[in-house]
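Heads up, the sequence shown is in full-length UniProt numbering, so the first residue is 1 and it goes up one at a time.
The beta carbon of each residue, even a glycine, is placed where N, CA and C say it ideally should be.
Notes for the one structure printed next.
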Amino acid sequence: MTDTNYGRFNLDHLENALGSPANCAQATGCVPLNLFGGPGTITPAMLHYIAFTEVNAIDNTQRVFGVNLSSPGLWNDGAGVIRVEAGYQYRDHEGISAPNPIAQAGEDSASPGIPVLPTVGSYATNSVFASANLPLLRDAPGFRNLMLDVAQRYSHYNTFGSIPLTQIALRDEIDRAWTLRAVWGQSFRTPDLHETNAALVEEPIAISDPCSNYEHSGVSAAVQTACAEAGVPTSYIQPNALVNELAGGNASLAPETAIDRTLGFVWTPPSLPLDIEADYYRITINNAIGAPGAQEILDGCYESGDPLDCSRITRAPDGTLGLVDNVDANLGGIMTDGVDALAQYHWPPLPSGSFTASLMVSWVHNYLETTSAFPTGTMTTNLVGVERGGTSFPLGVPRL
């Protein structure tokens, strides 16, 4: 497929058209451009030279093959029929993003000065899985129908190796009105092709250098010492707020892993057309994937003394920042817990249809973000009720 965008300008052609007539005359097809001649000055020939239609090629191919085996019921254990399912799945994914040549050269007005390079990648996985539905108890006091679901999945990826996953769910229908339920499960997310295979590119970003004029800027003694040890001259003053960062994919990324826990109930009173359900959840994510952030890298190096952050920074002999390595990485983890609740009231069916009123409430108790911090190892911040600006995620985590 193609991604087509109109109204883009070729910056190289624009420079030729706005430059000296002699240079324009030497450039093939160049038509001098006058931006200040009033209405009608810009002719179709001028636009034809500087404007272009951006066409990018995008191709994603996924192949899936699977076999499922299921039984309507192996045997009856006295509490009900035991059901088992098993299977195998093969899946591969290939992706390519080929920007137009003008964008690759960094001459596209949509990304001025920043080459947009092709991204190519693929992965394949083989998975086997099995699940069982096990009735444990039936028609006993407090256990009208007690069910246990167990599932296991084992996947092997050619990019990072193997990972097993387990899920266990317990459901107890106490009586006709009340049901209790609990789930414990493992999950994971593999890095997508962009996160692992995106081409590395240098791009400007606005950051504040802690070492700029560090002897007189009011920074702490620790920052002054760190800047001096990094070889930054005391006379150095950051010449430009824009500093190049290295952004792109990282083939060494590990998958994100998570453990999900829920505990809840469903209340359906026989005498009322009402359903009420509520669940407490607790989700823990490890190896969260993201870009560290150029400013965070600088602060981590010079304010905290983190050697990993310092290794991501290069400087010229005069102290000027050269490049900050901000490629994707496994940054830390997230733990969140709270309660989700839903109430539904059903009116009797009418000739014109059926009507239901619903109320859904979500309450976030914690949203703990854990990141690496030197020298303590990690730093945990509770983001519930905290609104953060910029492009960081999350921008805000309300309690309700």
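Original post:
Should leucine 65 be labelled buried (16 or more other beta-carbon atoms within 10 Å of its own) or exposed?
Top reply: The question names leucine, but residue 65 in the sequence shown is phenylalanine. By the neighbour-count rule (16 or more Cβ atoms within 10 Å), phenylalanine 65 is not buried but exposed.
Original post:
Counting along the chain, where does the alpha helix (DSSP H) carrying leucine 308 start and finish?
Top reply: 307 to 310
Original post:
Do you know how far the Cα of tyrosine 280 is from the Cα of tryptophan 184?
Top reply: 12 Å
Subject >> DSSP-derived helix/strand/coil call for tyrosine 6 >> reply: strand
Subject >> Runs of alpha helix (DSSP H) wholly within the region 213 to 240 (minimum 4 residues, chain order) >> reply: Runs of the alpha helix (DSSP H) inside the region 213 to 240: 221 to 229.
**OP:** Would you mind working out which of Cys301, Glu195, Pro101 sits nearest serine 311, comparing C-alpha positions?
**Re:** Cys301
**OP:** Return the CA-CA distance between valine 232 and isoleucine 313, expressed in angstroms with no decimal places.
**Re:** 12 Å
**OP:** Return the bridge partner residues of glutamate 203 from the DSSP annotation.
**Re:** Partner(s): Glu245.
Original post:
For alanine 79, which of helix, strand or coil comes out of DSSP?
Top reply: In the structure shown, alanine 79 falls within a coil segment according to DSSP collapsed to helix, strand and coil.
Original post:
Do glutamate 296 and alanine 226 come within 9 Å of each other at the CB atom, strictly closer than that value?
Top reply: no
Subject >> Cutoff 7 Å; reference valine 67; Cβ partners in own chain excluding five residues on either side >> reply: Gly87, Tyr88
**OP:** Following the continuous alpha helix (DSSP H) through isoleucine 297, name the residue where it begins and the one where it ends.
**Re:** 294 to 302
Original post:
Exposed or buried, what is serine 235 when buried is set at 16 or more other beta-carbons lying within 10 Å of its beta-carbon?
Top reply: Around the Cβ of serine 235, a 10 Å sphere holds fewer than 16 other Cβ atoms; the residue is exposed.
Original post:
Given 8 Å as the limit, is there contact between the region 8 to 20 and the region 43 to 50, that is, 3 or more CB pairs closer than that?
Top reply: yes
Subject >> Selected residue, minimal CA-CA separation from aspartate 175, among Asn145, His365, Gln152, Thr196 >> reply: Asn145
Original post:
Excluding the five sequence neighbours on either side, which residues of its own chain have a C-beta within less than 6 Å of the C-beta of tyrosine 90, listed in chain order?
Top reply: Phe65, Asn126
**OP:** With a cut-off of 8 Å on the beta carbons, I'd call alanine 110 and asparagine 56 a contact; round off their distance for me.
**Re:** About 11 Å separates the CB atoms of alanine 110 and asparagine 56; that is not less than 8 Å, and the two are not in contact.
Subject >> Spatial neighbours of proline 273 in its chain, beta-carbon cut-off 6 Å, leaving aside the 5 residues before and after >> reply: His346
Original post:
Taking DSSP as the reference, what is the three-state secondary structure of aspartate 192?
Top reply: DSSP places aspartate 192 in the coil class of the three-state scheme, outside both helix and strand.
Original post:
Does the beta-carbon of glutamate 229 have 16 or more other beta-carbons within 10 angstroms, so that it is buried, or is it exposed?
Top reply: exposed
Original post:
Distance, Cα to Cα, leucine 308 vs glutamate 94?
Top reply: 33 Å
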